[in-house]
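Participant: Note that the protein sequences, when read in sequence, are chains A and B. Going by this note's numbering, the first sequence opens with residue 1, and the numbers climb by one from there. Going by this note's numbering, the second sequence opens with residue 1, and the numbers climb by one from there.
There are 2 protein chains.
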Amino acid sequence: MNRFTVEVLVTPRPGLLDPQGKAIHHALASLGYDSVEDVRVGRAIYLDIEAGSAAEATERVEDACRKLLANPVTEDFRVTAAEPACGAVR
Amino acid sequence: MNRFTVEVLVTPRPGLLDPQGKAIHHALASLGYDSVEDVRVGRAIYLDIEAGSAAEATERVEDACRKLLANPVTEDFRVTAAEPACGAVR
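Okay, here's the thing in structure tokens:
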């Protein structure tokens, strides 16, 4: 078994209210960053997981996203390529 | 000016307490995901920004990270390659 680090990006679905993004947008505008046109805020989750292959790690994490990590009604998620954590072959 | 979408990933510094990550780790374990060894949770922030080039957009967002988006004491941030939002050349 190898150890993989899997990145999960959970973002609010387009069109849904994102009050945290709005708050950051206003704060940036008041600091003078007026070229910013939109801000959306989600979660970045990093999981270290033991699995036989990157594909297996990704599949398991996608399953966990559907059950726990993301709200399927209001959020999208993207699980990006798992990569072996260095020196962690066991 | 073009419109770029810039991705900012803000993560807790290694070694610092991450209670949200711990909570997710425990919840995953209780759902049977016992191959997960560690979980860290940060923020994924997407900014649509008007700029002359991707490099200019990235630079402006890195500056905003230092001033507002990340806490330099407890968090690291990564600004990934800005890419032009489709059909938004003006």
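C-beta: ideal position from N, C-alpha, C; glycine also. If you're wondering where the values come from, they're calculated on a predicted model, not measured in any experiment.
As an exercise, report each continuous beta strand (DSSP E) stretch of at least 3 residues that is fully enclosed by the region 7 to 52 of chain B, in chain order.
Facilitator: 36 to 51
Participant: So, at 7 Å on beta carbons, what are the nonlocal neighbours of A/T74 in its own chain, with the 5 sequence-adjacent residues on each side left out?
Facilitator: Position 74 of the first sequence holds residue 74 of chain A. Spatial neighbours of A/T74 in its own chain (CB-CB distance under 7 Å, excluding positions within 5 residues in sequence) are listed in chain order as P12, R13 and L16.
Participant: Can you tell me whether DSSP reads B/V61 as helix, strand or coil?
Facilitator: Along the second sequence, one-based indexing puts residue 61 of chain B at 61. Correct three-state label for B/V61: helix.
Participant: Contact defined as beta carbons within less than 8 Å: I believe A/V61 pairs with A/V10. What is the distance between those atoms, to the nearest angstrom?
Facilitator: The residue you call residue 61 of chain A lines up with position 61 of the first sequence. The residue you call residue 10 of chain A lines up with position 10 of the first sequence. Actually they do not touch by this definition, with Cβ atoms about 12 Å apart.
Participant: Touch check for the region 51 to 67 of chain B and the region 24 to 41 of chain B: three-plus C-beta pairs under 8 Å?
Facilitator: no
Participant: What's the C-alpha gap between B/R40 and A/D18?
Facilitator: The sequence position of residue 40 of chain B within the second sequence is 40, counting from 1. The sequence position of residue 18 of chain A within the first sequence is 18, counting from 1. Rounded to whole angstroms, B/R40 to A/D18 spans 22 Å at the Cα level.
Participant: Residues of chain B with CB under 7 Å from A/A54, in chain order?
Facilitator: As a position in the first sequence, residue 54 of chain A is number 54, starting the count at 1. Simply none; closest approach about 14 Å.
Participant: A/E56: which of A/G32, A/V79 and A/E37 sits nearest, CA to CA?
Facilitator: Reading the first sequence from its first residue, position 56 is the one you call residue 56 of chain A. Answer by Cα proximity: A/V79.
Participant: Taking a Cβ distance cut-off of 9 Å, strictly less, list which residues of the region 40 to 73 of chain B are near chain A, in chain order.
Facilitator: Residues of the region 40 to 73 of chain B whose Cβ lies closer than 9 Å to any Cβ of chain A, in chain order: R40, V41, G42, R43, A44, I45, Y46, L47, D48, I49, E50, A51, A57, R60, V61, D63, A64, K67, L68 and L69.
Participant: Rounded to a whole number of angstroms, what is the C-alpha to C-alpha distance between B/M1 and B/S53?
Facilitator: As a first step, residue 1 of chain B is located in the second sequence; it is residue number 1 there, counting from the start. As a first step, residue 53 of chain B is located in the second sequence; it is residue number 53 there, counting from the start. Using only the alpha carbons, I get a separation of about 8 Å.
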